[in-house]
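Its first residue numbered 3, the sequence shown is counted upward by one per residue in the working numbering. Report on the structure given below.
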Amino acid sequence: MEKQQNPDIERKRTWLNRYRESLAEQRRIAEQLEEARDRSTSICVSLNPGRSAPTGTHSDRTADSVQRITALERKLQDEQQRGQNIATEIINALYDQRQLTLNQIRVLCCQYIDGLNCAQTADKVGLSPTSISGYRRTALAALTIPEDVPESAMCVK
């Protein structure tokens with residue numbers, strides 16, 4: 003029998019998971035950047051075995067490679083800034099929630115910002131894993147997502 007999820011709770015989880023999704027996107031872009039740098043190095047070495055300056059189509063390939071690397075670096079920086087903005091927004095919103103206890107806020111921050119599992123959160127906060135699950139459940143039920151968050155901001159890229 004499949005457990006039915008509460009759509010309101012799922013919406014809250016989606017809102018909280020935006021930071022972790024940004025981190026995953028940052029890792030993906032960083033991998034692309036590393037691959038582009040590796041390809042660039044191999045292009046330069048294969049096109050310039052005698053260390054002569056690239057010419058013609060060789061210089062075009064090198065220039066394209068540099069442009070791709072520059073674009074990926076900019077994309078990574080933008081995503082890192084976006085991730086920091088999301089983390090700040092989530093943390094500020096959690097601490098503004100008058101209905102949440104400090105332990106509930108700490109649990110949500112540990113799990114949705116720090117990416118800790120239940121046992122790791124229990125160790126960090128100094129509570130039992132069972133208590134952590136209870137705090138998370140009641141915090142999600144009580145959490146109010148800020149009104150000014152558009153639905154499009156909660157979609158996975």
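Idealized CB from N, CA, C, for every residue including glycine. Quantities reported herein were computed from a predicted structural model and do not represent experimental measurements.
Residue 113 and residue 41 have their C-alpha atoms spaced approximately 37 Å apart.
For residue 116, no alpha helix (DSSP H) segment is defined, and its DSSP state is neither H nor E. Linking residue 12 to residue 35 through their CA atoms gives a straight-line distance of about 33 Å.
Rounded to the nearest whole angstrom, the C-alpha separation of residue 29 and residue 83 is 14 Å.
Contact between the stretch 91 to 106 and the stretch 125 to 139 is present, with at least three C-beta pairs closer than 8 Å. DSSP places residue 82 within a helical segment (H, G or I) once states are collapsed to three. Per DSSP, the continuous alpha helix (DSSP H) segment holding residue 132 begins and ends at 131 to 144. Taken through DSSP and simplified to helix, strand or coil, residue 148 comes out as coil. With 16 or more other Cβ atoms inside 10 Å of its own Cβ, residue 85 counts as buried. The beta carbon of residue 70 sits closer than 7 Å to the beta carbons of 38 from its chain, once the five residues preceding and following it are set aside; these are given in chain order. Annotation: residue 102 is outside any alpha helix (DSSP H) and is labelled neither H nor E by DSSP. Ranked by Cα distance from residue 141, the options 125, 19 and 14 are led by 14.
Using a Cβ distance threshold of 8 Å, residue 143 and residue 102 do not count as a contacting pair. The C-beta distance from residue 18 to residue 93 rounds to 11 Å, too long to meet the 8 Å contact threshold. The criterion of a C-beta distance shorter than 8 Å is satisfied by residue 32 and residue 78.
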